[in-house]
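2 protein chains.
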Amino acid sequence: MQQKTQQSKLRQKKVVDFHVVKVACKECSLHQLCLPRSITGADLEKLDEIIERKRPLKRNEHLFQVGGSFNSIYVVRSGSLKTYSPTVDGQEQVTGFHLPGELLGLDAIGKGKHPCAAKALETTSVCEVPFEHLEGLAQELPTLQHQLLRLMSKEIFDDQELMLLLGKKTAEARLSAFLLSISLRFKQRGFSSTEFYLSMSRNDIANYLGLAVETVSRMFTRFQEDGLIKAERKHIVIKDREMMQKIAGMNDCCEDPVDDQSQLFV
Amino acid sequence: MQQKTQQSKLRQKKVVDFHVVKVACKECSLHQLCLPRSITGADLEKLDEIIERKRPLKRNEHLFQVGGSFNSIYVVRSGSLKTYSPTVDGQEQVTGFHLPGELLGLDAIGKGKHPCAAKALETTSVCEVPFEHLEGLAQELPTLQHQLLRLMSKEIFDDQELMLLLGKKTAEARLSAFLLSISLRFKQRGFSSTEFYLSMSRNDIANYLGLAVETVSRMFTRFQEDGLIKAERKHIVIKDREMMQKIAGMNDCCEDPVDDQSQLFV
DNA sequence: TTATATTCTTGACCTAAATCAAGGGGAAAC
DNA sequence: GTTTCCCCTTGATTTAGGTCAAGAATATAA
């Protein structure tokens, strides 16, 4: 009861709508992660105005489909999604996983159409940021323009890391690097970096890493035997991070300190 | 003589400097490829002002080194470069090839340092675009901001295509896709799409595609035997594009019509 | 020009991971 | 509760492509 009243107060003049629940950015638990520090006050309200919160997606629901027209970028608030595109032979290719605080849709700006589909791996809520508005706002706010460019640059950089993984690394290095990457991303969002829940199936992981499911499964088993991790179904515990980094053949750059400026909205 | 006088006229009040030869954008042969159509007149002059032309690089000279601080993005005017980063085991990983009209350095915006090095594959000239100035200008010119975002998005999209290649395709599909990609890029720049010169070594190609040199060599041989291409050292002729597309397992999207808006500067 | 070093090609062999095949265990549906 | 289906694991076998080795062609240096 008490809580309800508080929430109402916070929502202030906003219409309560059970389908599109609006929660202002400054009330969001991920606020400090999400916005450039320098954006505050009036600017923050401007941002807040253009952002829409969609009703949560259920598992396996799509956020957008391949070829769908691009209007917005999305930020994961809770839950997780995978993006994937169809290949010629009717298979699907998983192109990425998106955890809370991470963006989707940047690859669609160029063509104005989504080159991949996005599907929720669990119950997931996202913020929708209409791109035209965002562009307009970036025109006014240099910090925001800068942040946007940085974010896209980071995406390019990350993709290149993954290319390296796919092109040159063994199955065991790939899985190790994958787990460490997930671990790091959870850590950056303030979650445990040693213990987490993998919302995606082994199949999705294999697909993403360019391996067969069987290979991934075998690697999980081997990592457990070697005492590197504890894996009970989707619940993972990293036990020997040091060793896993060695196996992954990590560049030092992957251990860079968390960059607070790395996110835009949540 | 006549020509010289003309050039002098065109260069107008600019100081002639043999180290940094300045040539205005509107005089550049690649002008129409390079600039968004809507940028003209006074805006074009603003752009022109911030761009620096560096003296040409000789083969094997570096444009920038790994870890070098990021100040500018670069556009290839003629020649070509490869970008590569060092791996843990002291090897190098080729992350891309850059043909005339293409950009380098977008992956460095995020961290402010170059995550890869860029080396000329032949005598190469580039335009240098100081990033701070570009950002400032994009703040004034919405078209430019938009163009910049589009370009970065395209880079993300292209990287994802390559990830797919590296993760799922056979050696023969990789090489076929590579050759078709080069062919398309030459075409977009107004060169022949069926006959071209590969400035990079087999080694670089193999590295880039995540294959052994020997495998690449064998594939070249096989493609010739099958009458798909004619390859005499680095001179390549595409003889059966249709079949190569089949082998590459191309998504239809790769045959998209040329997008004039795809470039920024040259 | 000859000498030396790359870069490329080809062949023989081997290994990492794919494929094929068969069970086992949870979660969702009835 | 029981059934169904999907996801995961494990084992046996195959294969694409890596590695090793050697020679040919071309480029670079002397």
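These protein sequences, in sequence, are chains A and B. Under the working numbering, the letters of the first sequence match residues 87 to 352, in that order. Under the working numbering, the letters of the second sequence match residues 87 to 352, in that order. By construction, the Cβ of each residue, glycine as well, lies at the ideal position given by its N, Cα and C atoms. This structure is a prediction, so every number in the text was calculated from the model and none was measured.
Quiz item: Taking a cut of 8 Å between CB atoms, which residues from the stretch 235-262 of chain A lie near chain B?
Solution: For the stretch 235-262 of chain A, the set of positions with a beta-carbon nearer than 8 Å to some beta-carbon of chain B reads L235, R236, L237, M238, S239, K240, E241, I242, F243, D245, Q246, L248, M249, L250, L252, G253 and K254 in chain order.
Quiz prompt | CA-to-CA distance, E131 (chain A) to I137 (chain A), given in whole angstroms | solution = CA-to-CA, the gap between I137 (chain A) and E131 (chain A) works out to about 10 Å.
Self-check item: S211 (chain A): first and last residue of the uninterrupted beta strand (DSSP E) it sits in
Solution: Run containing S211 (chain A): S211 to P216, per the beta strand (DSSP E) assignment.
Self-check item: Cβ-based burial, K168 (chain B) [other Cβ within 10 Å; buried from 16]
Solution: K168 (chain B) counts as buried, since at least 16 other C-beta atoms from the protein chains shown sit within 10 angstroms of its C-beta.
Quiz item: Is it true that the CB of V161 (chain B) sits closer than 8 Å to the CB of C202 (chain B)?
Solution: Not in contact: C202 (chain B) and V161 (chain B) (Cβ atoms no closer than 8 Å).
Practice problem: Report the residue ranges of all beta strand (DSSP E) runs contained in full by the stretch 206-283 of chain B; include only those spanning at least 3 residues, in chain order. | Solution: List check, beta strand (DSSP E) in window: 211-216 and 281-283.
Exercise. My understanding is that A259 (chain B) touches A206 (chain B), with C-beta atoms under 8 Å, so please give their C-beta distance in whole angstroms.
Key: That belief does not hold up - the Cβ atoms of A259 (chain B) and A206 (chain B) are roughly 29 Å apart, past 8 Å.
Exercise. Measure the beta-carbon distance from L284 (chain B) to I268 (chain B) and round it to whole angstroms, keeping in mind my assumption that it falls under 8 Å.
Key: Yes, they are in contact, since the Cβ atoms of L284 (chain B) and I268 (chain B) sit about 7 Å apart, within 8 Å.
Quiz item: Around the Cβ of S115 (chain B), are there at least 16 other Cβ atoms within 10 angstroms (buried) or fewer (exposed)?
Solution: In this predicted model, S115 (chain B) has a pLDDT of only 48, less than 50, meaning its place in the structure is not dependable; the value taken from the coordinates is given anyway. Exposed: under 16 other Cβ atoms inside 10 Å.
Quiz prompt | C-beta neighbour in chain A for G335 (chain B), strict 8 Å | solution = Closer than 8 Å: yes.
Quiz prompt | Test item: CB-CB of R271 (chain A) and L185 (chain A) under 8 Å | solution = The answer is yes: Cβ separation under 8 Å.
Exercise. Determine, using beta carbons only, whether L119 (chain A) comes closer than 8 Å to chain B.
Key: With a pLDDT of 48 at L119 (chain A), under the threshold of 50, the predicted position of this residue should be treated as unreliable, and no value is reported.
Quiz item: Quick one: is L192 (chain A) near chain B, going by C-beta distance under 8 Å?
Solution: Yes, L192 (chain A) lies at the interface with chain B (some Cβ there is under 8 Å from its Cβ).
Quiz item: How is the alpha helix (DSSP H) around K332 (chain B) delimited, first residue to last?
Solution: Run containing K332 (chain B): R327 to A334, per the alpha helix (DSSP H) assignment.
Exercise. Would you please verify whether the beta carbon of D175 (chain A) is less than 8 Å from any beta carbon of chain B?
Key: For D175 (chain A), the closest Cβ of chain B is nearer than 8 Å.
Quiz item: From what residue to what residue does the alpha helix (DSSP H) around V299 (chain A) run?
Solution: Residues V299 to E311.
Quiz item: Any Cβ of chain B within less than 8 Å of the Cβ of P228 (chain A)?
Solution: It does; some Cβ of chain B falls within 8 Å.
Self-check item: Opposing strand residues paired with T181 (chain B) [DSSP bridges]
Solution: The partner list for T181 (chain B) (beta bridge, DSSP) is empty, contrary to what the question assumes.
Quiz item: Can you name, in chain order, every residue of its own chain whose Cβ lies under 8 Å from the Cβ of S171 (chain A), other than the five neighbours on each side?
Solution: If you ignore the 5 residues before and after S171 (chain A), its C-beta comes within less than 8 Å of the C-beta of V152, E178, Q179, T181, P201, C202 and A203, all in its own chain and listed in chain order.
Quiz item: Hey, does E221 (chain B) have any beta-carbon neighbour from chain A nearer than 8 Å?
Solution: So yes, E221 (chain B) belongs to the interface.
Quiz item: Taking the C-alpha atoms as reference points, what is the distance between G187 (chain B) and D134 (chain B)?
Solution: G187 (chain B) and D134 (chain B): Cα-Cα distance of roughly 16 Å.
Quiz item: Beta-carbon separation of Q246 (chain A) and D175 (chain B) under 8 Å?
Solution: One thing to note: Q246 (chain A) has its Cβ no nearer than 8 Å to the Cβ of D175 (chain B).
Exercise. Compare the C-alpha of D290 (chain A) against each of B:L314, B:K240, B:G253 and B:N157 and name the closest.
Key: Closest by alpha carbon: B:G253.
Quiz item: Is DSSP giving K199 (chain B) helix, strand or coil here?
Solution: Judged by DSSP in its simplified three-state form, K199 (chain B) adopts strand.
Exercise. Mark N293 (chain B) as exposed unless 16 or more other C-beta atoms lie within 10 angstroms of its C-beta, in which case mark it buried.
Key: Classification of N293 (chain B): buried, given that the 10 Å Cβ count is 16 or more.
Exercise. Using a Cβ cut-off of 8 Å (strictly closer), state whether K320 (chain A) contacts chain B.
Key: Not closer than 8 Å to any Cβ of chain B, the Cβ of K320 (chain A) fails to qualify, so no.
Exercise. Starting from I291 (chain A), follow its DSSP beta bridges and name the residues at the other end.
Key: Looking at the DSSP output, I291 (chain A) bridges to nothing.
Quiz prompt | Under 8 Å between C-beta atoms of M305 (chain A) and L248 (chain A) | solution = Taking 8 Å as the Cβ cut-off, M305 (chain A) and L248 (chain A) do not qualify as a contacting pair.
Practice problem: Would you please verify whether the beta carbon of I291 (chain A) is less than 8 Å from any beta carbon of chain B? | Solution: Not closer than 8 Å to any Cβ of chain B, the Cβ of I291 (chain A) fails to qualify, so no.
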